[in-house]
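Residue 0 is where the sequence shown starts when you use numbering that gives the first Met the number 0, and the numbers rise one by one after that. Backbone N, C-alpha and C fix where the C-beta goes; we use that ideal spot for every residue, glycine too. For reference, the structure discussed in these notes is given below.
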Amino acid sequence: MSQQRLVFCSTIADSIVAELENKPSTSIFILTDSQSKTFCLPLLQQSETLKNAHVIEVPAGDGSKDVNTLVSIWQYLSENGATRKSLMINLGGGMITDLGGFAASTFKRGMNYVNVPTTLLAMVDAAVGGKTGINFNGLKNEVGVINPAKSVLIDTNFLRTLDMQNLLSGYAEMIKHALISSESELKNIFELDFAQLDYEKLNQLVQSSIYIKEAIVTEDPQEEGVRKALNLGHTIGHAFESYSYQMNKPALHGYAVAWGLMCELFLSYKKLGFPKETLIKVARFVKENYGHFYISCDDYDALYELMLHDKKNTIANCINFSLLSNVGVLSLNQHIDKETIFESLDFFQEMMGM
Ligand SMILES: NC(=O)c1ccc[n+]([C@@H]2O[C@H](COP(=O)([O-])OP(=O)(O)OC[C@H]3O[C@@H](n4cnc5c(N)ncnc54)[C@H](O)[C@@H]3O)[C@@H](O)[C@H]2O)c1
Ligand SMILES: [Zn+2]
């Protein structure tokens, strides 16, 4: 699989011009949603080169990551002279990079695309690694391809207009990256103070977080081995996320992942001897920054049922976890019994003080 170029920018308008010089294209299409059009497109279009680019706008929100919106993008490309030599620039959060990456990968059997992520989650996760796709038939990311962007341009200045909830949502993936990487990365993660956000410090943390993900996906682009480490926190996290929707109290993905990390580090402690003091430290950080998700023992069976249906399970009735025996020390394909999973939910409740 060809590798994507990572470009860390101080001014996106200058960096995009330099980037486009290496990618001669017949025409340029910028995909945005209503929010990224308002907050981010003006910064990108400070470059003369993009003043005349086509702009395709879709409504903000994950509802647009669907087949109807995909068809409308194909339609626009088709009616506005896009060719295999055209270029798509995906300017937005993970919804846009997933949707636009898939539209570009399939139009005329594939045109080049560049990601310009504008949310923290998209910078450190969605825009890097080549997974693209749409939700279908009520299922998340049901249809898609793995096809990396030619380049990913990271400018953390975009984060200045992002709300705190979306910042925290992306930060959960950074906690995960630090946990699968090293003690020193984790130490840095705990040092960021969301009450007085230091954007310079955040910029440095974003860069190292992206390098952690990039190294993993380069080693294992098709998720046959080490890439499964990126699922840490996501088995129980996805169950919390789906359950929050069932309960009509929708939680952002990263919040569910943060809560999932608490539970899965408990499983790591219980089964693999992951250090207790690190478990407690992460749990406290999550509680302080992400708040509560109210569950009781009556909810355990429903949560367990959701875990059983996780896409990552390969053996029927067996829940597959990516766990850690220490910070940076992975143990993949761990099958954990129901009783221990319930214990992790007890731990979650205790830590949350419920
Ligand atoms: N492909 C992958 O590997 C991967 C990994 C993780 C998540 N994802 C996908 O990413 C999506 C979630 O991404 P997300 O959290 O970025 O959500 P999102 O793209 O919906 O963005 C969240 C909100 O922030 C707004 N926004 C974007 N940039 C902004 C800015 N700079 N200032 C103010 N508002 C801004 C958006 O318009 C939206 O309303 C999901 O669809 C998920 O499945 C994909
Ligand atoms: Zn995630």
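Three-state secondary structure (DSSP) of residue i
i	result
S150	strand
H237	helix
T31	strand
I55	strand
M87	strand
Y293	coil
N111	strand
N288	helix
N325	strand
C39	coil
H308	coil
A81	coil
Proximity to residue i [Cα-Cα], best of the options
i	options	result
K130	G93, F157, M110	G93
G109	G143, Y244, K200	G143
L229	D336, Y299, G91, G327	G327
I211	E141, S181, T234, Q245	S181
V256	A102, R226, H237	H237
L86	S71, E349, T105, V70	T105
N288	D65, N114, K64, N165	N165
L98	R83, E222, A81, P58	P58
M246	N134, V16, S295, T68	S295
Q203	C8, I235, K139, S71	C8
S321	Y299, Y303, V225	V225
T31	I188, C317, A52, N312	A52
G253	Q74, E223, A125, L69	A125
V216	L271, E141, K227	K227
F239	V6, N79, D300	D300
I279	E349, Y293, A17, A214	E349
For residue i: DSSP bridge partner residues
i	result
E182	Answer by DSSP bridge pairing: none, since E182 is not bridged.
V70	DSSP lists no partner for V70.
V142	I133
R4	S150
Q333	F320
V127	BP columns for V127 are empty, so no partner.
P116	G91
Residue i classed as buried or exposed, judged by whether at least 16 other C-beta atoms fall within 10 angstroms
i	result
C39	buried
N319	buried
F157	buried
P41	exposed
Y198	exposed
Assumed close pair residue i, residue j - CB separation to whole angstroms, cut-off 8 Å
i	j	result
F193	L167	7 Å
S343	F284	That belief does not hold up - the Cβ atoms of S343 and F284 are roughly 17 Å apart, past 8 Å.
S35	A12	Rounded, the Cβ-Cβ distance is 15 Å, inconsistent with contact.
G100	N89	6 Å
T234	G259	7 Å
Q3	V123	Actually they do not touch by this definition, with Cβ atoms about 14 Å apart.
Contact test: residue i Cβ vs ligand 4 heavy atom, cutoff 6 Å
i	result
G99	This structure simply doesn't include ligand 4; it includes ligand 1 and ligand 2 instead.
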